[in-house]
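**Q** Once you've had a glance at the structure underneath, I'll fire off some questions.
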Amino acid sequence: MSLKLKLWQKIAIIFSFAWALGMSVYLYSGFNSVATEAGKLTYQDCIVEQQKLNNQNLSICSTEQSDTRQMVLAPQWKNIAVLSIFPAILFWGFAYAFMRMVSMIRKSKSI
């Protein structure tokens with residue numbers, strides 16, 4: 496079975512792939528910077544608390560920083576996937592519906 500694509504379909508496939516990849520990287524970068532900043536703030540708060548307690552063990556703060564970063568970033572993977580892929584799915588759904596409508600109009604005019 497041979498699948499021949501029209502030029503616009505080839506371009507749309509390339510654009511869809513580029514969109515999904517580019518948007519994933521863009522969103523991850525944004526969410527990662529927010530998570531890293533949250534981790535830094537947690538680390539700074541922890542250092543202040545440890546200094547108040549006269550505790551010199553700052554490994555606790557590093558662990559809290561890492562945990563906070565992961566807690567902020569972990570639920571964002573679903574958002575990244577949805578926001579990266581959903582627009583491409585919508586585009587292909589509208590393209591299919593449009594092409595189907597054009598085909599039906601052409602058939603009705605030829606009758």
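According to this note's numbering, the sequence shown is numbered sequentially starting from 496.
All residues carry an ideal CB built from backbone N, CA and C; glycine is no exception.
A quick note: this is a predicted structure, and the numbers were derived from the prediction, not measured.
(1) May I ask you to verify whether the stretch 561-578 touches the stretch 498-505, counting CB pairs closer than 8 Å and requiring at least 3?
(2) Under three-state DSSP, which class holds N549?
(3) Report buried or exposed for S579, applying the criterion of at least 16 other Cβ atoms within 10 angstroms of its Cβ.
(4) I need the DSSP call for A592, collapsed to helix, strand or coil.
(5) What distance in whole Å lies between the Cβ atoms of A576 and W514, which are believed to be in contact at a cut-off of 8 Å?
(6) Any idea what DSSP makes of L536, helix, strand or coil?
(7) In this structure, does DSSP put P570 in helix, strand or coil?
(8) Looking only at its own chain, which residues have a Cβ that is under 6 Å from the Cβ of W587, when we skip the five neighbours before and after it?
(9) Taking 7 Å as the limit between beta carbons, can you name the residues of its chain near V567, skipping five residues before and five after?
**A** Per the coordinate set shown:
(1) No, because fewer than three Cβ pairs between the stretch 561-578 and the stretch 498-505 fall closer than 8 Å, the two stretches do not touch.
(2) The residue you call residue 549 lines up with position 54 of the sequence shown. Correct three-state label for N549: coil.
(3) By 1-based counting over the sequence shown, the position of residue 579 is 84. Buried, by the Cβ-count rule.
(4) Position 97 of the sequence shown, counted from the start, is the residue given in the question as residue 592. When secondary structure is reduced to three states using DSSP, A592 falls in the helix class.
(5) Within the sequence shown, numbered from 1, the residue matching residue 514 stands at position 19. Within the sequence shown, numbered from 1, the residue matching residue 576 stands at position 81. Actually they do not touch by this definition, with Cβ atoms about 13 Å apart.
(6) Taking the sequence shown and counting its residues from 1, one reaches residue 536 at position 41. Three-state DSSP puts L536 in a helix.
(7) One-based indexing of the sequence shown puts residue 570 at position 75. It is coil, neither helix nor strand.
(8) Here residue 587 refers to the residue found at position 92 of the sequence shown. Contacts found: none.
(9) Counted from its first residue, the sequence shown places residue 567 at position 72. For V567, where only same-chain residues beyond five positions count, the Cβ hits under 7 Å are V529, A530, A533.
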